[in-house]
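One gets the numbering used here by counting positions in the sequence shown from 1 and adding 249 to each.
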Amino acid sequence: MGAKAYKGPWPQREYDGSEVFDNLSPRTIATLQTYPGMVQRNIRAVDAEHVELQFYQQLRAGRRCTCWGSNTNASGTCEVCYGTGIVGGYLKYGCAQWMLDATAPNLTLNNIDILMTKNEGPHIFGLSEGAVSGEIIVKGDLQGNWGKPGACPREEGPVDIIDSHFWQDDDGQISFFIRSPQFTAWRPLNKEHLNDLLQYPQRFDVRITMQRPGVEAQSPLLQHLLIRVFRTNVAATRLKANRPRGTHAQSLAELGVLDEWTSERWWFESRVPNLTDLDWFLDINRNIRWKAVDTDKMAPQDVTLSWDVTVRKVQDFEQRILKYPA
250 MGAKAYKGPW PQREYDGSEV FDNLSPRTIA TLQTYPGMVQ RNIRAVDAEH
300 VELQFYQQLR AGRRCTCWGS NTNASGTCEV CYGTGIVGGY LKYGCAQWML
350 DATAPNLTLN NIDILMTKNE GPHIFGLSEG AVSGEIIVKG DLQGNWGKPG
400 ACPREEGPVD IIDSHFWQDD DGQISFFIRS PQFTAWRPLN KEHLNDLLQY
450 PQRFDVRITM QRPGVEAQSP LLQHLLIRVF RTNVAATRLK ANRPRGTHAQ
500 SLAELGVLDE WTSERWWFES RVPNLTDLDW FLDINRNIRW KAVDTDKMAP
550 QDVTLSWDVT VRKVQDFEQR ILKYPA
(Lines of atoms letter the chains of each structure in order from A and count residues from 1; the text may use other names and numbers.)
(Lines give C-alpha, C1' and ligand atoms only; values in the text may rest on other atoms or scores of the structure.)
Protein backbone atom coordinates (compact mmCIF):
# COMPACT_ATOMS: atom_id res chain seq x y z
CA MET A 1 0.00 0.00 0.00
CA GLY A 2 1.37 3.41 -0.98
CA ALA A 3 2.26 5.88 1.71
CA LYS A 4 -0.24 8.43 0.45
CA ALA A 5 -3.11 5.97 0.67
CA TYR A 6 -2.72 5.58 4.44
CA LYS A 7 -4.93 7.89 6.45
CA GLY A 8 -4.12 7.86 10.16
CA PRO A 9 -6.74 8.57 12.78
CA TRP A 10 -7.68 12.17 13.46
CA PRO A 11 -6.02 14.30 14.84
CA GLN A 12 -2.71 12.48 14.22
CA ARG A 13 -3.24 12.52 10.49
CA GLU A 14 -1.11 15.15 8.74
CA TYR A 15 -2.00 16.58 5.36
CA ASP A 16 0.78 16.64 2.80
CA GLY A 17 -1.26 18.71 0.37
CA SER A 18 -1.73 15.99 -2.23
CA GLU A 19 -5.25 14.84 -1.49
CA VAL A 20 -6.95 17.64 0.41
CA PHE A 21 -8.16 19.82 -2.44
CA ASP A 22 -11.04 17.52 -3.21
CA ASN A 23 -12.43 17.82 0.31
CA LEU A 24 -11.24 21.10 1.82
CA SER A 25 -11.44 24.73 0.77
CA PRO A 26 -8.24 26.72 0.17
CA ARG A 27 -8.99 28.78 3.29
CA THR A 28 -9.11 25.64 5.42
CA ILE A 29 -5.91 24.33 3.86
CA ALA A 30 -4.17 27.62 4.66
CA THR A 31 -5.40 27.52 8.25
CA LEU A 32 -4.42 23.88 8.85
CA GLN A 33 -1.21 23.65 6.87
CA THR A 34 0.18 26.79 5.26
CA TYR A 35 0.08 29.30 8.13
CA PRO A 36 1.40 26.96 10.86
CA GLY A 37 4.25 26.02 8.54
CA MET A 38 5.07 29.67 7.87
CA VAL A 39 5.06 30.46 11.59
CA GLN A 40 7.58 27.68 12.28
CA ARG A 41 9.80 28.77 9.37
CA ASN A 42 9.77 32.35 10.66
CA ILE A 43 10.82 31.16 14.12
CA ARG A 44 13.72 29.17 12.64
CA ALA A 45 14.72 32.11 10.44
CA VAL A 46 14.96 34.49 13.42
CA ASP A 47 16.87 31.90 15.45
CA ALA A 48 19.54 31.78 12.72
CA GLU A 49 20.63 35.41 13.21
CA HIS A 50 19.11 37.66 15.83
CA VAL A 51 19.54 40.10 18.68
CA GLU A 52 17.84 39.54 22.04
CA LEU A 53 15.51 42.21 23.34
CA GLN A 54 13.35 43.00 26.31
CA PHE A 55 9.93 44.29 25.27
CA TYR A 56 7.97 46.92 27.21
CA GLN A 57 4.32 47.65 26.40
CA GLN A 58 2.59 50.84 27.47
CA LEU A 59 -0.34 50.19 29.79
CA ARG A 60 -3.65 51.03 28.10
CA ALA A 61 -5.82 51.02 31.24
CA GLY A 62 -5.44 51.24 35.00
CA ARG A 63 -5.46 53.78 37.83
CA ARG A 64 -5.23 57.43 36.81
CA CYS A 65 -2.00 58.97 38.09
CA THR A 66 -2.22 61.94 40.47
CA CYS A 67 0.15 63.97 38.27
CA TRP A 68 -2.67 64.13 35.73
CA GLY A 69 -5.15 66.79 36.83
CA SER A 70 -8.58 67.49 35.39
CA ASN A 71 -7.28 70.21 33.07
CA THR A 72 -3.73 69.05 32.46
CA ASN A 73 -1.79 66.30 30.75
CA ALA A 74 0.28 63.63 32.46
CA SER A 75 3.70 64.93 33.49
CA GLY A 76 6.54 63.75 31.30
CA THR A 77 8.86 63.62 34.33
CA CYS A 78 6.53 61.62 36.61
CA GLU A 79 8.11 58.44 37.98
CA VAL A 80 4.77 56.85 38.90
CA CYS A 81 3.16 56.78 35.45
CA TYR A 82 6.30 57.68 33.41
CA GLY A 83 4.34 60.23 31.41
CA THR A 84 1.59 57.84 30.32
CA GLY A 85 -1.07 58.94 32.83
CA ILE A 86 -1.63 55.34 34.01
CA VAL A 87 0.00 54.16 37.25
CA GLY A 88 2.89 51.84 36.40
CA GLY A 89 3.36 53.27 32.92
CA TYR A 90 4.71 50.19 31.15
CA LEU A 91 4.76 46.43 31.60
CA LYS A 92 7.73 44.22 30.82
CA TYR A 93 6.84 41.32 28.52
CA GLY A 94 6.46 38.06 30.46
CA CYS A 95 6.11 39.80 33.83
CA ALA A 96 3.47 41.02 36.26
CA GLN A 97 3.81 44.09 38.45
CA TRP A 98 2.21 45.79 41.46
CA MET A 99 2.68 49.42 42.44
CA LEU A 100 1.89 51.34 45.62
CA ASP A 101 1.24 55.04 45.17
CA ALA A 102 -1.26 57.62 46.39
CA THR A 103 -4.06 56.07 44.27
CA ALA A 104 -3.63 52.51 45.58
CA PRO A 105 -6.81 50.88 46.95
CA ASN A 106 -7.06 49.31 50.42
CA LEU A 107 -4.77 51.89 52.02
CA THR A 108 -4.57 52.26 55.80
CA LEU A 109 -2.72 55.40 56.95
CA ASN A 110 -1.67 55.95 60.56
CA ASN A 111 -0.20 59.43 61.18
CA ILE A 112 0.49 59.62 57.44
CA ASP A 113 -0.87 62.25 55.05
CA ILE A 114 -1.03 62.29 51.27
CA LEU A 115 0.76 65.47 50.26
CA MET A 116 -0.09 67.36 47.11
CA THR A 117 2.91 68.50 45.11
CA LYS A 118 3.24 70.97 42.27
CA ASN A 119 1.21 70.38 39.12
CA GLU A 120 3.93 68.45 37.32
CA GLY A 121 4.47 65.90 40.09
CA PRO A 122 2.45 63.08 41.68
CA HIS A 123 1.11 63.09 45.24
CA ILE A 124 3.43 61.63 47.89
CA PHE A 125 3.22 60.22 51.42
CA GLY A 126 4.62 62.03 54.46
CA LEU A 127 4.20 62.17 58.24
CA SER A 128 1.25 64.14 59.58
CA GLU A 129 1.93 67.49 61.23
CA GLY A 130 2.94 66.90 64.83
CA ALA A 131 3.68 63.18 64.35
CA VAL A 132 7.13 61.65 64.81
CA SER A 133 6.20 58.21 63.48
CA GLY A 134 3.57 56.68 61.25
CA GLU A 135 2.85 53.75 58.99
CA ILE A 136 1.21 52.77 55.72
CA ILE A 137 -0.44 49.36 55.37
CA VAL A 138 -1.74 48.24 51.99
CA LYS A 139 -3.02 44.97 50.59
CA GLY A 140 -1.46 43.63 47.40
CA ASP A 141 -2.23 40.88 44.90
CA LEU A 142 -0.11 39.62 42.00
CA GLN A 143 -2.84 37.46 40.43
CA GLY A 144 -2.00 33.79 40.70
CA ASN A 145 0.92 31.82 42.09
CA TRP A 146 3.72 29.44 41.18
CA GLY A 147 1.96 26.52 42.90
CA LYS A 148 3.87 24.37 45.35
CA PRO A 149 7.27 25.51 46.66
CA GLY A 150 10.04 24.95 44.13
CA ALA A 151 7.72 25.19 41.11
CA CYS A 152 9.19 28.49 39.90
CA PRO A 153 11.15 28.01 36.63
CA ARG A 154 13.85 30.42 37.83
CA GLU A 155 16.43 29.19 40.31
CA GLU A 156 16.81 32.75 41.60
CA GLY A 157 13.07 32.97 42.30
CA PRO A 158 10.35 34.88 40.45
CA VAL A 159 11.21 38.40 41.66
CA ASP A 160 12.60 40.68 38.96
CA ILE A 161 12.92 44.02 40.76
CA ILE A 162 11.81 45.85 43.90
CA ASP A 163 11.99 49.56 43.12
CA SER A 164 11.04 52.47 45.39
CA HIS A 165 11.41 56.23 45.28
CA PHE A 166 11.66 57.99 48.63
CA TRP A 167 13.52 60.78 50.42
CA GLN A 168 14.94 60.83 53.94
CA ASP A 169 17.59 62.87 55.72
CA ASP A 170 20.22 61.52 58.08
CA ASP A 171 17.90 61.66 61.09
CA GLY A 172 14.78 60.28 59.39
CA GLN A 173 14.04 56.67 58.56
CA ILE A 174 11.70 54.78 56.25
CA SER A 175 11.42 50.96 56.33
CA PHE A 176 9.54 48.37 54.26
CA PHE A 177 7.98 45.11 55.51
CA ILE A 178 5.81 42.36 54.04
CA ARG A 179 3.65 39.49 55.28
CA SER A 180 1.16 36.97 53.88
CA PRO A 181 -1.30 34.32 55.17
CA GLN A 182 1.61 31.83 55.15
CA PHE A 183 4.07 34.24 56.83
CA THR A 184 1.99 36.16 59.36
CA ALA A 185 4.91 37.97 61.02
CA TRP A 186 6.20 41.14 59.40
CA ARG A 187 9.44 40.49 57.51
CA PRO A 188 11.77 43.00 55.80
CA LEU A 189 10.76 43.51 52.18
CA ASN A 190 13.60 42.08 50.08
CA LYS A 191 13.98 39.60 47.22
CA GLU A 192 14.66 36.65 49.50
CA HIS A 193 11.51 37.08 51.59
CA LEU A 194 9.39 38.00 48.58
CA ASN A 195 10.54 34.88 46.72
CA ASP A 196 9.43 32.78 49.70
CA LEU A 197 6.05 34.47 49.73
CA LEU A 198 5.45 34.05 46.00
CA GLN A 199 5.60 30.26 46.24
CA TYR A 200 2.07 30.45 47.66
CA PRO A 201 -1.12 32.26 46.59
CA GLN A 202 0.09 35.78 46.08
CA ARG A 203 -2.00 37.90 48.43
CA PHE A 204 0.13 39.95 50.76
CA ASP A 205 0.26 43.02 52.99
CA VAL A 206 2.96 45.68 52.72
CA ARG A 207 3.81 47.88 55.70
CA ILE A 208 5.91 51.03 55.42
CA THR A 209 7.02 52.85 58.56
CA MET A 210 8.29 56.43 58.78
CA GLN A 211 10.13 58.03 61.69
CA ARG A 212 11.80 61.34 62.48
CA PRO A 213 13.60 62.51 65.65
CA GLY A 214 11.20 65.39 66.38
CA VAL A 215 8.15 67.22 65.09
CA GLU A 216 10.34 70.02 63.73
CA ALA A 217 12.54 67.63 61.73
CA GLN A 218 11.95 66.98 58.06
CA SER A 219 9.57 64.09 57.41
CA PRO A 220 10.65 61.16 55.23
CA LEU A 221 8.68 61.13 51.98
CA LEU A 222 7.55 58.21 49.82
CA GLN A 223 6.49 58.47 46.19
CA HIS A 224 6.00 54.85 45.11
CA LEU A 225 6.93 51.21 45.58
CA LEU A 226 7.09 48.88 42.56
CA ILE A 227 7.27 45.07 42.67
CA ARG A 228 7.77 43.19 39.39
CA VAL A 229 7.90 39.41 39.05
CA PHE A 230 8.55 36.99 36.20
CA ARG A 231 5.67 34.83 34.98
CA THR A 232 7.93 32.46 33.08
CA ASN A 233 11.63 31.69 32.70
CA VAL A 234 13.91 34.49 31.61
CA ALA A 235 14.50 33.10 28.10
CA ALA A 236 10.77 33.21 27.35
CA THR A 237 10.59 36.91 28.26
CA ARG A 238 13.19 37.83 25.64
CA LEU A 239 12.21 38.51 22.06
CA LYS A 240 14.41 37.77 19.08
CA ALA A 241 14.62 40.22 16.21
CA ASN A 242 16.35 40.11 12.85
CA ARG A 243 17.82 43.44 11.77
CA PRO A 244 18.13 43.29 8.00
CA ARG A 245 18.04 47.04 7.31
CA GLY A 246 19.43 50.08 9.08
CA THR A 247 19.54 53.82 8.34
CA HIS A 248 21.65 56.60 9.82
CA ALA A 249 20.83 60.25 9.17
CA GLN A 250 21.67 63.68 10.57
CA SER A 251 18.48 65.48 11.58
CA LEU A 252 17.55 68.57 13.62
CA ALA A 253 21.20 69.13 14.55
CA GLU A 254 20.95 72.77 13.47
CA LEU A 255 18.25 73.29 16.12
CA GLY A 256 20.29 71.70 18.87
CA VAL A 257 17.52 69.20 19.56
CA LEU A 258 19.65 66.15 18.99
CA ASP A 259 22.78 65.10 17.19
CA GLU A 260 21.40 62.27 15.17
CA TRP A 261 18.52 59.93 14.52
CA THR A 262 19.43 56.31 14.16
CA SER A 263 16.60 54.11 12.94
CA GLU A 264 16.42 50.47 12.01
CA ARG A 265 13.90 48.09 10.55
CA TRP A 266 13.40 45.00 12.70
CA TRP A 267 11.67 41.76 11.80
CA PHE A 268 9.98 39.60 14.45
CA GLU A 269 8.26 36.27 14.39
CA SER A 270 4.67 36.02 15.60
CA ARG A 271 5.05 35.50 19.36
CA VAL A 272 3.98 39.07 20.22
CA PRO A 273 0.20 39.36 19.71
CA ASN A 274 0.09 43.17 19.76
CA LEU A 275 2.71 45.84 19.10
CA THR A 276 2.18 49.59 18.67
CA ASP A 277 4.21 52.77 18.32
CA LEU A 278 3.69 53.41 22.06
CA ASP A 279 5.97 50.50 22.98
CA TRP A 280 9.76 50.24 23.28
CA PHE A 281 12.59 47.72 23.49
CA LEU A 282 15.85 47.25 25.36
CA ASP A 283 18.80 45.83 23.42
CA ILE A 284 20.20 43.53 26.11
CA ASN A 285 23.74 43.23 24.75
CA ARG A 286 24.31 46.93 24.08
CA ASN A 287 21.96 48.35 26.75
CA ILE A 288 20.30 50.67 24.23
CA ARG A 289 16.62 51.57 24.38
CA TRP A 290 14.71 51.69 21.11
CA LYS A 291 11.25 53.16 20.54
CA ALA A 292 8.84 51.72 17.99
CA VAL A 293 7.74 54.39 15.51
CA ASP A 294 5.93 52.24 12.95
CA THR A 295 4.58 48.70 13.02
CA ASP A 296 3.45 46.52 10.13
CA LYS A 297 1.84 43.16 10.88
CA MET A 298 1.65 40.35 8.34
CA ALA A 299 -1.64 38.70 9.28
CA PRO A 300 -3.58 37.04 6.43
CA GLN A 301 -7.01 35.93 7.63
CA ASP A 302 -6.15 37.51 11.02
CA VAL A 303 -3.38 34.95 11.63
CA THR A 304 -0.25 36.80 12.77
CA LEU A 305 2.79 35.46 10.92
CA SER A 306 5.42 38.16 11.51
CA TRP A 307 6.05 41.81 12.32
CA ASP A 308 8.04 44.51 10.52
CA VAL A 309 8.83 47.27 13.01
CA THR A 310 10.66 50.54 12.48
CA VAL A 311 12.50 51.67 15.61
CA ARG A 312 14.74 54.58 16.55
CA LYS A 313 17.04 55.20 19.48
CA VAL A 314 15.41 56.75 22.53
CA GLN A 315 16.74 60.29 22.92
CA ASP A 316 17.96 62.02 26.08
CA PHE A 317 14.84 64.18 26.36
CA GLU A 318 12.50 61.15 26.42
CA GLN A 319 12.66 60.75 30.18
CA ARG A 320 9.37 58.85 30.32
CA ILE A 321 11.15 55.86 28.78
CA LEU A 322 14.64 56.39 30.19
CA LYS A 323 13.42 56.53 33.80
CA TYR A 324 11.46 53.28 33.69
CA PRO A 325 13.38 50.54 35.58
CA ALA A 326 14.35 47.95 32.98
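Idealized CB from N, CA, C, for every residue including glycine.
- In the three-state scheme derived from DSSP, where H, G and I count as helix and E and B as strand, Q307 is classed as strand.
- Burial state of I570 is buried, judged by a 10 Å Cβ sphere holding 16 or more other Cβ atoms.
- In this structure, the straight-line span from the alpha carbon of K540 to that of G311 is close to 22 Å.
- Taking the Cα of F304 as reference, the smallest distance to any Cα among K341, N491, N322 is reached at K341.
- The C-alpha of S377 is placed about 52 Å away from the C-alpha of W556.
- The residues R452, in chain order, have a CB closer than 6 Å to that of D390 in the same chain once the five nearest residues on each side in sequence are set aside.
- The stretch 453 to 465 and the stretch 317 to 336 do not touch, with fewer than 3 CB-CB distances between them shorter than 8 Å.
- A490 sits away from V336, with the two beta carbons spaced by 7 Å or more.
- A484 carries a helical assignment under DSSP once its states are collapsed to helix, strand and coil.
- A direct Cα-to-Cα measurement between R538 and D418 gives close to 33 Å.
- For I335, there is no enclosing alpha helix (DSSP H), as DSSP gives it neither H nor E.
- Within the DSSP bridge table, the entry for K341 names Y305 as partners.
- The Cβ-Cβ distance between W516 and L470 does not fall below 7 Å.
- Ranked by Cα distance from N482, the options D409, L475, T525, Q431 are led by D409.
- The three-state reading of DSSP puts K572 in coil, since its state is none of H, G, I, E or B.
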